[in-house]
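Here is the structure we will look at.
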Ligand code: HEM
């Protein structure tokens, strides 16, 4: 057995060929062996241990495939750093930038982008066009562009997709493939894409965007405090981590609200009473708006994928089980956020469930990741979503779902992040 009940006093030595766990599905238990050295866990006690601050369950090698091969823990962006200890040093550099107070300083600049996004959406709606994926992606990439480069990429202003957004859109699914099928990586690196470039060139261009960011935003002194190559990695990181996640959260939220007339009416009623130019505090204090956002993050987490972690070299006792060193552990937001023991009718889009959330409901929400490696951009994302959603439903209260938008077209394609099957 790979796992033992807690009265086992000895932590077993790593077993090179551990047998499969005899618990096949979550219906029968929250621990499922999904491969010889891999276990999926949907148990909140275990989750607390694995992902607590200071945990030595480091990220799994899957994350290495997110960075070009010449990068290591010291030089890659924080997302790709495997060791939690190394990551916590790096995270300290960014934590201040992600605090609410600092993010609030960006609010006036971001409001201009939200206004522009709404102008574009309104013009589209008047022409009978519905392409929320497009405009929410342009908005999210202008926001991350502003953060990484000091000014937006002008996707919204020009109304056309920039080369950078094209690269992100094309590279995101392939990032998933590279990660799931690492043996394909050398082949994929040199496979021509639809536009004639190779995937490897796309990754090189991300790094290039990062270099531009370094020179656009930092003075010489600051550049010396953090090595250039690290800032480059981080700038590219922010662009990728903050664009699709926010855009898809907005897309699925819009879809869920438009699909549900009662929810839409309540939301429109609340946001239409807001001040003409509401600010973050007012938006945070709009209960139904916040419930809708929480529910959208619950049902359509921007990153529903497994967060892979490795059991430390000494092995570990996780709740009732002793797990051998080196085992890869998968915990998925999706499993916890749809737990029927915690959420009544978990697959129904029901913002009212957040009127009086239980402590368990709050703890089971992990759309922004887990404590040790929680999303560094969650305040930015919240600000973006609050403004974009309140503006959309205040200024376009009559918007309805386009007949071509169906459950089938919106089926979530999960490739670490998500996108709708029909891509619109
Ligand atoms: C709704 C939008 C967003 C969602 C749902 C989201 C979700 C997540 C999740 C689940 C993780 C943890 C991944 C893991 O452990 O493997 C994460 C990490 C991260 N996110 Fe976000 N994110 C969002 C927006 C943003 C934005 C706007 C930024 C930056 C501007 C950002 C920057 C990062 C970074 C740098 C990390 C890596 C942290 C680390 O590894 O220590 N995210 N995000």
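Residue numbers (our numbering): 2 to 425. Every residue, glycine too, gets a C-beta built ideally from N, C-alpha and C. Note that this is a predicted model, so its numbers are computed, not measured.
| Check | Outcome |
| --- | --- |
| Start-end ranges of the alpha helix (DSSP H) lying completely within the stretch 123-167, minimum 4 residues | 133-150, 156-159 |
| Nearest neighbour of residue 247, chosen from 369, 126, 342, 310 [CA to CA] | 369 |
| Expected contact under 8 Å - CB spacing of residue 384 and residue 133 to nearest Å | That belief does not hold up - the Cβ atoms of residue 384 and residue 133 are roughly 19 Å apart, past 8 Å. |
| Sequence-distant residues of the same chain with beta carbon closer than 6 Å to residue 1, five excluded per side | Here the chain comprises residues numbered 2 to 425, so residue 1 is not present and cannot be evaluated. |
| Endpoints, alpha helix (DSSP H) assigned at residue 360 | 360-365 |
| Segment limits, alpha helix (DSSP H) that includes residue 263 | 262-272 |
| Coarse secondary structure for residue 249, derived from DSSP in three states | helix |
| Closer than 8 Å: residue 414 CB and nearest the ligand HEM heavy atom | no |
| Secondary structure, alpha helix (DSSP H): runs of 4+ residues fully inside the stretch 363-399 | 379-396 |
| Expected contact under 8 Å - CB spacing of residue 419 and residue 144 to nearest Å | In fact, because the Cβ distance is near 19 Å, the residues do not count as touching under 8 Å. |
| Local conformation of residue 321 per DSSP, three classes | coil |
| Per-residue DSSP class, three states only, for residue 421 | strand |
| Own chain partners of residue 46 with C-beta closer than 7 Å, once the 5 adjacent residues on each side are dropped | 320 |
| Coil, strand or helix - residue 284 by DSSP | helix |
| Reduced DSSP secondary structure (H/G/I, E/B, other) of residue 48 | helix |
| Contact under 9 Å by Cβ, residue 330 with residue 310 | yes |
| Residue 284 Cβ short of 8 Å to the ligand HEM heavy atom set | no |
| Cβ-heavy atom distance, residue 238 to the ligand HEM, below 8 Å | yes |
| Residue 245 beta carbon less than 9 Å from that of residue 138 | yes |
| Residue 346, DSSP secondary structure in three states | coil |
| Alpha-carbon spacing of residue 366 relative to residue 88, whole angstroms | 23 Å |
| Bridge partner(s) assigned by DSSP for residue 332 | 308 |
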